[in-house]
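Read the structure below first, then the notes.
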Amino acid sequence: MVHDVVIVGSGPAGYTAAIYAARAQLKPVLVAGAVTAGGALMNTTEVENFPGFPEGIQGPDLMNNMMEQAEKFGTDIRYEDVVKLELAGEVKRVHLEDEVLETRTVIFSTGSAYRKLGLEEEDKYSGHGVSYCATCDGFFFRDQDIIVVGGGDSAMEEATFLTTFAKSVTVVHRRDELRASAAMAKRALENPKINFAWNSRVSALHGEGALESVTLTDTVTGQTRELEATGLFVAIGSTPRSELVRDQLELDAAGYVVVSHPSTRTNVPGVFACGDVADPTYRQAITAAASGTRAALDAQHYLAELN
Ligand code: NAP
Numbered sequence: 001m002v003h004d005v006v007i008v009g010s011g012p013a014g015y016t017a018a019i020y021a022a023r024a025q026l027k028p029v030l031v032a033g034a035v036t037a038g039g040a041l042m043n044t045t046e047v048e049n050f051p052g053f054p055e056g057i058q059g060p061d062l063m064n065n066m067m068e069q070a071e072k073f074g075t076d077i078r079y080e081d082v083v084k085l086e087l088a089g090e091v092k093r094v095h096l097e098d099e100v101l102e103t104r105t106v107i108f109s110t111g112s113a114y115r116k117l118g119l120e121e122e123d124k125y126s127g128h129g130v131s132y133c134a135t136c137d138g139f140f141f142r143d144q145d146i147i148v149v150g151g152g153d154s155a156m157e158e159a160t161f162l163t164t165f166a167k168s169v170t171v172v173h174r175r176d177e178l179r180a181s182a183a184m185a186k187r188a189l190e191n192p193k194i195n196f197a198w199n200s201r202v203s204a205l206h207g208e209g210a211l212e213s214v215t216l217t218d219t220v221t222g223q224t225r226e227l228e229a230t231g232l233f234v235a236i237g238s239t240p241r242s243e244l245v246r247d248q249l250e251l252d253a254a255g256y257v258v259v260s261h262p263s264t265r266t267n268v269p270g271v272f273a274c275g276d277v278a279d280p281t282y283r284q285a286i287t288a289a290a291s292g293t294r295a296a297l298d299a300q301h302y303l304a305e306l307n
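So the sequence shown is numbered by UniProt numbering: it starts at 1 and just counts up by one.
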């Protein structure tokens with residue numbers, strides 16, 4: 001059987017593409033990932049800026065709603081990983097662990113992954129004090145001194161969330177001005193449990209087995225100082241998860257899939273990309289969802305032209 005649409009990835013982009021493709025009777029298969037189904041919003045708390053939820057909604061609830069909506073219209077959701085893609089030609093092949101799906105179109109929406117600090121000892125302390133997800137790991141740091149690195153919305157969200165557990169939270173930011181939106185910055189700046197280390201970067205991690213302290217380097221003067229902390233949450237943005245298509249689709253220098261705007265068409269006919277993996281600029285749940293809509297409509301038009 002050759003499917004009409006296989007969607008790879010299950011964030012707001014993938015689920016929205018599935019809702020539209022399913023309502024267009026294209027019987028989409030959505031490969032959601034074995035452990036990461038739902039994407040980045042599964043690791044967030046309150047989402048306040050997704051239209052339609054004036055009281056806000058928890059990230060995992062929003063994703064479960066989208067998943068249910070996609071399933072309700074007939075999406076076949078597979079909780080597996082894609083191990084390989086063959087995108088050339090009229091029939092594309094999506095390799096799962098034990099099965100190969102053949103399809104006329106692929107919608108690629110694999111999102112993005114946490115960016116790391118790039119320190120030599122970072123992997124060694126990962127899971128032993130260093131974390132990339134406050135909602136996942138914050139609970140383990142009750143009454144402890146915690147550092148959050150970053151100056152964007154993610155860092156402000158994580159710092160604010162962590163104050164419910166931590167003794168203290170210090171935001172380490174490499175400049176003296178936040179990148180975060182005004183509302184999220186204000187909330188963090190006004191929180192008495194959050195301190196800010198401006199013009200600073202974490203340059204070394206220390207501890208016997210688990211993290212005990214870090215070295216901070218002043219980005220202006222170069223001076224260093226030690227700061228005690230048993231938790232370090234890295235929230236410095238993300239990189240596109242485009243490894244699967246690196247040799248098949250055109251990518252930009254940062255690894256984002258290049259699409260021919262305003263469509264979601266990639267350089268390979270029948271392959272469409274949407275969400276964070278193709279968006280170096282906006283990276284919002286609502287813009288990802290909107291691009292998922294465009295991808296489903298683009299796939300629909302492509303299929304109509306094939307027939
Ligand atoms: P971001 O906006 O790209 O911010 C990354 C932050 O990390 C910046 O402050 C950056 O510093 C800093 N940074 C980057 N590389 C660094 C490095 N190697 N060392 C130290 N610091 C580094 O990423 P984000 O905060 O994850 O947000 C991503 C997108 O998701 C944004 O569009 C954001 O609005 C959205 N988001 C929205 C919400 C929400 O609305 N609820 C929540 C989270 C995220 P500089 O400022 O100096 O560049």
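Cβ coordinates follow ideal geometry from the N, Cα and C atoms, glycine included. On a predicted model such as this, the values are computed, not experimentally measured, just so you know.
Identity of the residue in Gly231, Ala304, Thr16 nearest Ser126 by Cα: Gly231
Distance, Cα to Cα, Ser131 vs Thr105? 37 Å
So which of Ala299, Asn49, Val172 has the shortest CA-CA distance to Thr219? Val172
Please report the distance separating the alpha-carbon of Asp279 from that of Tyr256. 7 Å
Where Ala289 falls, given that 16 or more other Cβ within 10 Å makes a residue buried: buried
On the DSSP bridge assignment, give the partners of Leu162 in chain order. According to DSSP, Leu162 bridges with nothing at all.
Give me, in chain order, the residues of the same chain whose beta-carbon lies closer than 7 Å to that of Ile194; leave out the 5 immediate sequence neighbours on both sides. Ala159, Thr163, Val169, Val171, Ala188
Spatial distance of Leu244 from Glu190 (CA atoms): 43 Å
In three-state terms, what does DSSP make of Glu172? The amino acid at residue 172 is misidentified as Glu; the sequence shows Val. In this structure, Val172 counts as strand in the three-state DSSP scheme.
Quickly, what does DSSP pair Asp4 with across the bridge? List them, please. Bridge partners of Asp4: none, in fact.
What residue from Gly209, Lys186, Phe196, Gln223 has the CA that sits closest to Ser203's CA? Gln223
Name the two residues that bound the continuous alpha helix (DSSP H) containing Ala18. 12-23
Which residue marks the beginning of the alpha helix (DSSP H) containing Ser291, and which one marks its end? 285-306
May I ask you to check if the CB of Arg23 is nearer than 7 Å to at least one heavy atom of ligand 1? no
Let me know the secondary structure DSSP gives Thr75 once reduced to three states. coil
Within 10 angstroms of its Cβ, does Met156 collect 16 or more other Cβ (buried), or is it exposed? buried
Using 8 Å as the limit for Cβ to Cβ distance, is Glu226 near chain D? Checking the listed chains, one finds no chain D in this structure; it contains a single protein chain.
Please determine if the segment 105-117 and the segment 211-218 are in contact, where contact requires at least 3 C-beta pairs separated by less than 8 Å. no
Ends of the beta strand (DSSP E) at Asn134? In the sequence as presented, Asn is not what sits at residue 134; that position holds Ala. Element bounds for Ala134: not the beta strand (DSSP E) but the alpha helix (DSSP H), 134-137.
Terminal residues of the beta strand (DSSP E) in which Tyr114 lies: 112-114
Do the segment 18-28 and the segment 39-53 touch if we need at least three Cβ pairs shorter than 8 Å? no
Counting C-beta neighbours from all protein chains within 10 Å, is the total for Tyr15 16 or more, i.e. buried, or is it exposed? buried
Distance, Cα to Cα, Ile286 vs Phe50? 6 Å
Would the C-beta of Ala235 count as close to ligand 1, meaning under 7 Å from any of its heavy atoms? yes
Less than 7 Å between the CB of Gln58 and some heavy atom of ligand 1, yes or no? no
Thr75 vs Leu41 beta-carbon contact at 8 Å: no
Evaluate Val2 with the Cβ neighbour count: other Cβ atoms within 10 Å of its Cβ, from every protein chain shown; 16 or more gives buried, anything less gives exposed. exposed
According to the neighbour-count rule (16 or more other Cβ atoms, all chains shown, within 10 Å of its Cβ), is Leu306 buried or exposed? exposed
Alpha-carbon to alpha-carbon, Arg174 and Asn64: 36 Å
On the three-state DSSP scale, how would you describe Ser263? coil
DSSP on Gln58, reduced to helix/strand/coil? strand
With a CB to CB cut of under 6 Å and the five nearest residues on each side skipped, what residues in its chain are close to Gly151? His173, Leu178, Arg179
Taking 7 Å as the cut-off, is the beta-carbon of Gln248 closer than that to any non-hydrogen atom of ligand 1? no
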